[in-house]
Amino acid sequence: MIDPTNGQPPQSSIDTDEIVIYKTVRDIRRAWKPHKQAVVDSGEHENTSIRVHRACSWMHQVENLEQNNHDQRLILLWISFNTLYGTWNPEERAPVPDSTSWGDFLKRILKLDQDGCLRTVLTQHRKLVTALLQDEHLSRYFWQEPTPQRANQSRKAMHESRTWYLQKNWGVILTRVMERIYLARCQLVHGAATCGSELNRTALRRCATMLGHLQPAFLTIIVHHGAKEDWGLMCYPPLRPASGRPS
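What follows is the structure, given as structure tokens:
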């Protein structure tokens, strides 16, 4: 069993109570191959195949990183996740806002999770979930006014998670965890953190580790139950250069 806080990425598929989660890009691509061919043959849902291809390309980069490179690991894992949830708003002619897109994606992926992949991840790594919900520095509420009082109040989700687990409210648990990971992601990509800073090492390690468990689960669910789903208009689809223009 992987220590939930040591930051080590999973190395192979796991089988817990007959629930298989593909953990490596090689495993995911191998499992996706027949579905990919079916998509090609039908001429439908090509966007799904592109999303999976893009997601795997970024996960492959994660597999090649040094184990302690938590900054890049989190960013690359989120990019991989973004390829799955990102959607285009044709009326606004722009991508749908991040929080809206990934929030909608989580609701859909939970409904498709007939095998209980996400339940398995959240149960196996409950200690890590608790650690994320306990960290005030991953709370948007705390940063609105960073005081000791707000720090204590921001840990409310950690205490409430005991009830969520008893009630098997996986949707709430997953959403609260992703909100914490998203805040860490935003700190990095918007220049609100120093690269390699010692101050946020633990938080980033935990976030990268948790997303490293969740992203393979998302892809596993799509492979088995989401190949024929319409995941919405894709942002920036691959286009060939217009005639007469340099490639």
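Residue 804 is where the sequence shown starts when you use this note's numbering, and the numbers rise one by one after that.
We treat Cβ as the ideally placed atom computed from N, Cα and C, and that holds for glycine.
These numbers come from a predicted model, not from an experiment.
Spatially closest choice to residue i from the options, by CA coordinates
i	options	result
L880	L915, V924, H863	H863
I1024	C920, K836, K826	C920
C1053	T827, R854, L936, H873	Given that the chain is displayed from residue 804 to residue 1050, the structure contains no residue 1053 and the question cannot be resolved.
D938	A960, Q917, T923, R922	A960
A987	N972, E963, M1013	M1013
H873	P1041, L1042, C998	C998
P1040	P898, E894, R829	P898
N871	S1000, S860, N892	S1000
R1009	N867, V932, N955, T827	V932
S902	T886, Y985, P949	Y985
H856	W1034, S845, V828	V828
E1032	N955, L915, P900	L915
N850	R896, Y888, V865	Y888
T886	S845, N972, S860	S860
Proximity below 7 Å, CB of residue i to CB of residue j
i	j	result
S957	Y944	yes
A1011	L877	yes
H940	A1006	yes
S852	K839	yes
A1030	I824	no
N974	L935	In the sequence on display, residue 974 carries Gly and not Asn. No; because the gap between Cβ atoms is not below 7 Å, this pair is not in contact.
L1036	T890	yes
I822	T923	yes
A834	V992	no
Q952	H1028	no
Same chain only: Cβ atoms within 6 Å of residue i, ignoring 5 sequence neighbours per side
i	result
P1049	In this prediction, P1049 has a pLDDT of 49, which is less than 50 and means its spatial position is unreliable; what the coordinates show is noted afterwards. So the list is empty, once near-sequence residues are dropped.
P812	With a pLDDT of 39 at P812, under the threshold of 50, the modelled position of this residue cannot be trusted, and the question is left open.
N892	V899
Own chain residues within Cβ distance below 8 Å of residue i, not counting five before or after
i	result
Q1018	A858, M862, L880, S883, F884
Q990	A996, N1003
T978	G906, L909
A841	A1030
D806	Caution is warranted here: a pLDDT of 40 is assigned to D806, below 50, making its placement in the model unreliable, and the coordinate value is therefore given only provisionally. Correct list: empty, nothing qualifies.
L868	Q875, R876, L879
Neighbourhood of residue i by C-beta, 7 Å cutoff - its chain only, sequence neighbours within 5 removed
i	result
M981	W905, L909
Residue i burial status per 10 Å Cβ neighbour count (16 or more: buried)
i	result
Q970	exposed
K930	exposed
V843	exposed
S964	buried
R1043	exposed
T966	exposed
S942	buried
R983	buried
N809	Residue confidence for N809 is low, a pLDDT of 42 falling below 50, so the modelled location carries little weight and cannot support an answer.
T950	exposed
Open item on the list: Restricting to runs no shorter than 4 residues, where is the alpha helix (DSSP H) found entirely within the segment 920-946?
Closed with: Whole alpha helix (DSSP H) segments, 4+ residues: 920-927, 929-937.
TODO: Pick out the complete beta strand (DSSP E) segments inside the segment 814-860, 3 residues or longer, and give them in chain order.
DONE: For the segment 814-860, whole beta strand (DSSP E) runs of length 3 or above, ordered along the chain, are 817-819, 822-824.
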